[in-house]
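S.K.: Residue numbers (the numbering used here): 1 to 207.
All C-beta atoms, glycine included, are put in the ideal place defined by N, C-alpha and C.
As the structure is a prediction and not an experimental result, all values here were calculated from the model.
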Amino acid sequence: MTHKVLGISAFTASAFSAVLLLGSTAAQAGGCYGSSCRPAPCRGSACYNLVQTPPVYGTIAETQLVRKAQTHRRIVPAQYDYVTEKVMIQPARQIPHHVPAQYSSIQEKVLISPGGKRWEVTTDAHGRTTGCWVYDKPQYGFRQRTVEVSPARTEYETIPAVYTQRQRKVMVQPTQVLHETVPAVYETRHRKVLVSHGSQHWQKAGY
1 MTHKVLGISA FTASAFSAVL LLGSTAAQAG GCYGSSCRPA PCRGSACYNL
51 VQTPPVYGTI AETQLVRKAQ THRRIVPAQY DYVTEKVMIQ PARQIPHHVP
101 AQYSSIQEKV LISPGGKRWE VTTDAHGRTT GCWVYDKPQY GFRQRTVEVS
151 PARTEYETIP AVYTQRQRKV MVQPTQVLHE TVPAVYETRH RKVLVSHGSQ
201 HWQKAGY
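1) Roughly how many angstroms separate the alpha carbons of L219 and T188, rounded to a whole number?
2) Look at R118 and V134 and say whether their C-beta atoms are less than 9 Å apart.
3) For Q139, which residues of its own chain have a beta-carbon under 7 Å away from its beta-carbon, when the five flanking residues on both sides are left out?
4) Quick check: the Cα distance between Q79 and R168, rounded to an integer number of angstroms?
5) Taking contact to mean 3 or more Cβ pairs, one atom from each stretch, closer than 8 Å, check whether the region 73-89 and the region 178-192 are in contact.
6) By Cβ distance below 8 Å, which residues in the same chain neighbour A69 in space, the five residues on each side in sequence not counted?
7) By Cβ distance below 6 Å, which residues in the same chain neighbour I208 in space, the five residues on each side in sequence not counted?
8) Just mark C47 as buried or exposed, buried being the case when its beta carbon has 16 or more other beta carbons within 10 Å.
9) Which partner residues does T130 have in the DSSP bridge list?
10) Given this structure, state the Cα-to-Cα distance separating P91 from M171, to the nearest angstrom.
11) Helix, strand or coil, according to DSSP, for H98 in the structure here?
12) In whole angstroms, give me the CA-to-CA distance for A125 and G131.
13) Please list, in chain order, all residues of the same chain as R143 whose beta carbon is under 6 Å from its beta carbon, the five residues on each side excluded.
14) Name the DSSP beta bridge partners of K192, please?
15) Just the C-alpha distance for P55 and A205, rounded to the nearest angstrom, thanks.
16) Apply the 10 Å Cβ neighbour rule to A18 and answer buried if 16 or more other Cβ atoms are within range, or exposed otherwise.
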């Protein structure tokens with residue numbers, strides 16, 4: 001707390017600033033009466049007046065705490081967003097296909113009779129028997145034959161994978177706890193304080 005004296009106000013009434021006389025009270029010093037002593041009746045005695053000084057007050061400024069500093073906790077929820085991604089809904093696959101063997105017909109020359117030398121006996125018109133060597137030529141012919149052009153095989157057809165797009169919710173920022181501090185609040189208040197106490201003393205009376 002800070003104290004600061006702003007000013008001093010002297011609460012001095014005009015009635016207190018004047019010299020208070022004894023009035024009807026008898027002065028204890030020298031037997032004088034009244035507001036003043038005349039030389040004749042006092043016969044050389046001194047007279048005094050009772051003077052009173054009022055107390056003096058001033059004003060000071062005080063800094064006082066109105067509200068303490070406070071810390072508030074604030075929760076910031078997580079933030080989400082959507083992302084588009086490519087996903088496979090069906091993998092690539094292969095489908096087998098059977099290809100049968102391929103055949104064709106061809107014509108080829110084949111040996112029917114190899115020919116050669118043979119002994120042949122004949123009888124002529126006169127009844128004579130004659131034996132001769134006869135030479136035969138080879139005999140050829142043509143025939144159709146089926147031959148395999150390409151063997152049977154299996155061929156595979158590749159079906160590519162199937163993809164699609166979909167949106168997925170993802171967290172882009174996790175939940176956060178924030179602490180916010182509100183500073184303390186002070187204000188200045190003024191208070192009247194006693195600067196000096198009042199006093200009283202005897203003061204020699206003058207003319």
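M.R.: Looking at the coordinates:
1) Residue 219 falls outside the range modelled here, since the chain spans only 1 to 207, and no answer is possible.
2) yes
3) I112, S113, G115
4) 14 Å
5) yes
6) T181, V182, P183, A184
7) Because the chain spans 1 through 207 in this model, residue 208 falls outside it and cannot be assessed.
8) buried
9) T122
10) 29 Å
11) strand
12) 14 Å
13) V110
14) T59
15) 23 Å
16) Its pLDDT being 35, under 50, A18 is placed unreliably by the model, and the measurement read from it follows with that caveat. Classification for A18: exposed.
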